[in-house]
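Novice: Handing you a structure now.
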Amino acid sequence: MKKSSCRRIIAVSLIAVLLPLWAPFSMGASQPAKVTIHIPSKSLSLMPFYFGKDKGFFPKEVIDLQLVMMGPPTAIVALVGGELDFSTTLGAATSAIMQGHPLKRIFYVQHEPAHVLVGQPEIKSVQELTGKVVAVNAITDATGMAARMILRGNGIDPSRVTLLATGVTDNTYKALTTRNVAAAMMIPPYTEELEAKGFTRLAEAKTFAPISFIGLVASTDFLTRNSNKAQVLIAGLLKTLAYLHNPANRGEVVQYIAAFHKIDPPLADKAFASILPSFSRDGTKPRKAIEKEIEIYRETLKIAKTVTPDDLEDLRLLRKVQEGARSQGQ
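Residue numbers for the sequence shown follow my numbering, so the first one is 4 and each next one is one higher.
Following this line, the structure appears as structure tokens:
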């Protein structure tokens, strides 16, 4: 069977799977179900959420998807307190889980990092950052963890570099462009914009730290009470990721990025080429990468107890959606 035919079957299957999930929201309800999701930026790593929303992959008649931007640590506090339904920041969530909070990863948007350590134009190597300040979104989220691993991987004791927590990616970008920091952890399309302005691409996070950045995380209590909402989101994300990975849609996606971020199409195309390989095709991440990630967090956070991937994630709802899609496609 041709790949295009397979994709059509998957798309139709996902729609069929979604129908019974939508029913509890739509029957007897005049308003769509409100779902609040934390995002740390509007970078391309979050694209599956806002692009999928604009494309209608999360049906407005059924679910009112509200994307709320805030710093990762603040978002995790809100998530634990029930003020948010989901967060996309897997890094800060991992720190919280290891410290005993009842959260679970339920979907991986990215199976590998796409963040890059970007330096001021005059800085040409990671070694030159000794004694300087590096901007990250949060010290205990994936950007902070990745920055430490990049420094260590280049022979630098992280204690010899000051990490500045900016809260959100926009602030990190401003800290670098206003020369308040020597370097910053950045993500497409900001990375490509900075390179075009002469800033230096120093190191890629994926080379040094197989850390999870973007996905879906929720409290165990919320998942018990709202499994249908989670499944609708998962199905919508799977459809969005399939659409983004389809080469036939590249032109449309690049134009969307160019318009959304107000950048030239060639720069948008370059940024999309950078981010696309990081996107998972099926919402999962290799177990060995997660085990390595656990080692990084345990060492950094001084966690003595044993932690396994099963302590971090619960992919049962993802598997349920996938199994439903397969059965509908047969």
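Heads up, the beta-carbon is just placed ideally off N, CA and C, and yes, glycines get one too.
(1) Buried or exposed: which applies to Lys107, given that a residue is buried once 16 or more other Cβ atoms fall within 10 Å of its Cβ?
(2) Would Lys127 pass as an interface residue toward chain C - the criterion being a Cβ-Cβ separation below 9 Å?
(3) Tell whether a beta-carbon distance below 9 Å holds between Leu3 and Ile100.
(4) Does the structure place the stretch 187-203 close enough to the stretch 157-164 that three or more beta carbon pairs sit under 8 Å?
(5) Nearest to Leu244 by alpha carbon, out of His114, Ala95, Arg290?
(6) Going by the CB atoms, is the gap between Thr92 and Ala138 shorter than 9 Å?
(7) Please report how far the alpha carbon of Arg290 lies from the alpha carbon of Pro312, in whole angstroms.
(8) Check the DSSP bridge columns for Arg108 and list the partner residues they point to.
(9) For Pro27, collect the residues of the same chain with a Cβ closer than 8 Å to its Cβ; drop the 5 residues on either side in sequence, then sort them by chain order.
(10) Whole angstroms is fine: what's the gap from Leu179's alpha carbon to Thr303's?
(11) For Val119, I'd like the list of residues in its chain whose CB is within less than 8 Å of its CB, leaving aside the five on either flank, ordered along the chain.
(12) So, Leu247 versus Ala261, is the Cβ gap smaller than 9 Å?
(13) Keeping to the same chain, check which residues put their C-beta closer than 8 Å to that of Pro268; ignore five residues upstream and five downstream.
(14) Would you grab the beta carbon distance between Met152 and Gly94 for me? Rounded to a whole angstrom, and I think it's under 8 Å.
(15) Could you name the residues of the same chain whose beta carbon sits closer than 6 Å to that of Ser29, not counting the 5 residues immediately before and after it, in chain order?
(16) Would you report the Cα separation of Ala81 and Asn252, rounded to the nearest angstrom?
(17) I need the boundaries of the alpha helix (DSSP H) containing Arg204, first residue and last residue.
(18) On the three-state DSSP scale, how would you describe Thr225?
(19) In this structure, how does DSSP classify Ser90 when only helix, strand and coil are distinguished?
(20) Terminal residues of the continuous alpha helix (DSSP H) containing Ile153?
Specialist: Put simply:
(1) Residue numbering aside, residue 107 sits at position 104 when the sequence shown is read from its first letter. Lys107 counts as buried, since no fewer than 16 other beta carbons sit within 10 angstroms of its beta carbon.
(2) The displayed structure is made up of one protein chain only, and chain C is not part of it.
(3) In the structure as shown, the chain starts at 4 and stops at 333, and residue 3 therefore has no counterpart that could be examined.
(4) No, the stretch 157-164 does not touch the stretch 187-203.
(5) As a position in the sequence shown, residue 244 is number 241, starting the count at 1. Comparing Cα positions, the closest option is His114.
(6) Reading the sequence shown from its first residue, position 135 is the one you call residue 138. Reading the sequence shown from its first residue, position 89 is the one you call residue 92. Taking the C-beta atoms as reference points, Thr92 is found no nearer than 9 Å to Ala138.
(7) The residue you call residue 290 lines up with position 287 of the sequence shown. The residue you call residue 312 lines up with position 309 of the sequence shown. When rounded, the distance between both Cα atoms is 7 Å.
(8) As a position in the sequence shown, residue 108 is number 105, starting the count at 1. For Arg108, which the question treats as bridged, DSSP gives the partners Val220, Glu316.
(9) In the sequence shown, counting from the first residue as 1, residue 27 sits at position 24. Only weak support exists for where Pro27 lies, its pLDDT of 48 falling under 50; the value from the coordinates is given anyway. Apart from the 5 residues on each side of it in sequence, Pro27 sits with its Cβ closer than 8 Å to the Cβ of Asn231 in its chain, given in chain order.
(10) Indexing the sequence shown from 1 puts residue 179 at position 176. Indexing the sequence shown from 1 puts residue 303 at position 300. Computed Cα separation, rounded: 25 Å.
(11) The sequence position of residue 119 within the sequence shown is 116, counting from 1. For Val119, the CB contacts under 8 Å within the same chain, skipping 5 residues up- and downstream, are Met188, Met189, Ile190, Thr194, Arg204, Leu205, Ala206, Glu207, Ala208 in chain order.
(12) For this step, residue 247 is matched to residue 244 along the sequence shown. For this step, residue 261 is matched to residue 258 along the sequence shown. Result no, Cβ atoms of Leu247 and Ala261 do not sit closer than 9 Å.
(13) Taking the first residue of the sequence shown as position 1, residue 268 is located at position 265. Here the set comprises Val257, Gln258, Ala261.
(14) In the sequence shown, residue 152 corresponds to position 149, counting from 1. In the sequence shown, residue 94 corresponds to position 91, counting from 1. Contact flag wrong, Cβ pair sits at about 12 Å.
(15) For the purposes of this step, residue 29 is taken as residue 26 along the sequence shown, with counting starting at 1. Confidence at Ser29 is low in this model, with a pLDDT of 45, below 50, so the placement of that residue should be treated as unreliable; the coordinate-derived value is given next. Answer for Ser29: Val65, listed in chain order.
(16) Locating residue 81 in the sequence shown gives position 78, counting from the first residue. Locating residue 252 in the sequence shown gives position 249, counting from the first residue. Distance from the CA atom of Ala81 to the CA atom of Asn252, rounded to whole angstroms, is 36 Å.
(17) Counting from 1 along the sequence shown, the entry for residue 204 is found at position 201. In the DSSP assignment, Arg204 falls outside any alpha helix (DSSP H) and lies within the beta strand (DSSP E) extending over 203-207.
(18) Taking the first residue of the sequence shown as 1, we reach residue 225 at position 222. Sequence check: residue 225 is Phe here, not Thr. It is helical.
(19) Taking the sequence shown and counting its residues from 1, one reaches residue 90 at position 87. The three-state reading of DSSP puts Ser90 in strand, counting E and B together.
(20) To locate residue 153, count along the sequence shown from 1; it is residue 150. The continuous alpha helix (DSSP H) containing Ile153 extends over residues 145-156.
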